[in-house]
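Colleague: Taking the UniProt record's numbering, I'd label the letters of the sequence shown as residues 1 to 342.
Beta carbons are placed, not taken as given, at the ideal position from N, Cα and C, and that holds for glycine.
Handing you this structure, nothing more for now.
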Amino acid sequence: GPSPGRMYRKEKSIQLKSSSSALYNNLSVLRLPDKQLAYFSTVHGTAVNMVSAAADGLSFSHRQLQVKEGGPALSASIVTQAAWCVLPSRVLLVLTSQKGIQMYESDGSIMVYWHALDVMEQPPAHAVFARGIAAASGRFICVGISSGLVLVFDVPLKGTNVTVSEVLEEHRDAITDIAAELGRAPDGAGDLVTADDSGSLCIWSSGEEFTLLNKIPALGCTCSSVKLWNGIVAAGYGNGQIRLYEAATGVLRAEVNAHARWIYALDLAPLTGKLLSGAEDSFVHIWKLSKNRDTDDVEIEHCHAECVTDTQICGARFCDPQGSSFAVTGYDLAEIFRYGQA
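Pasting the structure below:
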């Protein structure tokens, strides 16, 4: 393969107003190619740091979103995740927290929808929060809950009339991450994966009604991040493993001991099948997923390693669909590191 040192090089960092919290998948990137802009968001405590960066990489503008609940108390809430959901007609920035779920216009300017979590539903000893965000079928946004439920929101083409269209009740543990198909799903493979704290995965076919196709049983450690590409489920775990499953059957096709410590983020470049993994061990790895035409084997090849010294990585995202650039956040780090192909 290519020599490890030459594939990517560090570019100008983006300074943040505050550091990133130690949360899974704590970086979201939205490209706006027509505007020559990219948006980055990362969570710090009760706030979301948003930065828009011009394509030249030199000019930045910052916005901070505080998640406050309505009512007289206006108590701030710990944010668990922020992610952009791209639907054909609109892009929403979705925030999850201990209080509920908020949907904003993509630039964070206007709140479109607020869904409060009903604390009374839970045993008092349990922390209640939402976590895990993904768009599905071009009109739904799916959000996970700490009880294991997944709420399916039906999002109108415009306006604020967002409704809960379905509740998926398959998981028994807190949802960690949700992923929609990034490529083309083979027939019968489903197009959505949900993951939880026990390491259990569910594969769904989304639509007017969501159908459970496969359940991959708990592994004994958390699945912190999951991706779905061309019918292959890529899952990252607390034991540092990446496992590749076939979405259509739930069969394990490949596994790799990718990191020495807990994986916090996976991302996938849809045009190339490059997989990005970031972990507590301060490493970011880039892999290439492929299917062997002759044997139908699913293959994973290591392409690049990047050590982000003294950094517990909590977010890692490609910045383009080819995977030729990526960005990284770290716990207690008040900047976003960026890397591009040399």
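Pick from 230, 269, 274, 224: whose alpha carbon is nearest that of residue 261?
Modeller: Here the closest residue by C-alpha is 224.
Colleague: In the structure shown, what three-state DSSP assignment does residue 71 receive?
Modeller: Legend: pLDDT at residue 71 = 49, less than 50; position of this residue unreliable, value from coordinates given subsequently. Here residue 71 sits in coil by DSSP.
Colleague: Go through its chain and collect everything with a Cβ distance to residue 80's Cβ below 8 Å, but skip five positions before and after it.
Modeller: Correct list, in chain order: 23, 43, 96, 97, 98, 129, 130, 131.
Colleague: Would you decide whether residue 110 is buried or exposed? Buried here means 16 or more other CB atoms lie within 10 Å of its CB.
Modeller: So residue 110 counts as exposed.
Colleague: Threshold first: 4 residues or longer. Then list the alpha helix (DSSP H) segments lying entirely within the region 226-266, N to C.
Modeller: Counting only runs of 4 or more, we get nothing.
Colleague: Which term fits residue 176, buried or exposed, when burial requires 16 or more other beta carbons within 10 angstroms of its beta carbon?
Modeller: Result: buried.
Colleague: Going by DSSP, name the residue or residues bridged to residue 64.
Modeller: Per DSSP, 49.
Colleague: Does the beta carbon of residue 191 fall short of 7 Å from some heavy atom of the ligand NAD?
Modeller: Absence of the ligand NAD is noted for the structure shown, with no ligands found whatsoever.
Colleague: Using 8 Å as the threshold, is the C-beta distance between residue 108 and residue 50 below it?
Modeller: Yes, they are a contact pair.
Colleague: Pull up the distance between the alpha-carbon of residue 160 and that of residue 56, whole angstroms please.
Modeller: Those two C-alpha atoms are separated by around 35 Å.
Colleague: Here's the rule I'm using: 16 or more other beta-carbon atoms within 10 Å means buried, otherwise exposed. How should residue 276 be labelled?
Modeller: The residue is buried, with at least 16 neighbouring Cβ atoms inside 10 Å.
Colleague: To which residues of the same chain is residue 207 closer than 8 Å at the C-beta, ignoring the five residues directly before and after it?
Modeller: So the list reads 137, once near-sequence residues are dropped.
Colleague: What residues are listed by DSSP as bridge partners for residue 289?
Modeller: According to DSSP, which records beta bridges pairwise, residue 289 is partnered with 300.
Colleague: Would you say residue 101 and residue 115 are within 8 Å of each other, going by their C-beta atoms?
Modeller: Contact flag set, yes.
Colleague: Between residue 304 and residue 88, what straight-line distance do the alpha-carbon atoms span, to the nearest angstrom?
Modeller: Straight-line Cα distance between these residues: approximately 33 Å.
Colleague: When you compare the CB positions of residue 327 and residue 67, do they come within less than 8 Å of one another, or not?
Modeller: The answer is no: Cβ separation not under 8 Å.
Colleague: Classify residue 158 as helix, strand or coil using the three-state DSSP reduction.
Modeller: Reduced to three states, the DSSP call for residue 158 is coil.
Colleague: Secondary structure at residue 10, three-state DSSP: helix, strand or coil?
Modeller: Correct three-state label for residue 10: strand.
Colleague: For residue 193 versus residue 179, is the C-beta distance shorter than 8 Å?
Modeller: In contact: residue 193 and residue 179 (Cβ atoms closer than 8 Å).
Colleague: Report back the beta-carbon spacing between residue 165 and residue 150 to the nearest angstrom; my notes put them in contact at under 8 Å.
Modeller: Incorrect: roughly 12 Å between the Cβ atoms, too far for contact.
Colleague: Count the other C-beta atoms from every protein chain shown that fall within 10 angstroms of the C-beta of residue 52, then say buried if there are 16 or more, exposed otherwise.
Modeller: Its Cβ being crowded by 16 or more others within 10 Å, residue 52 is buried.
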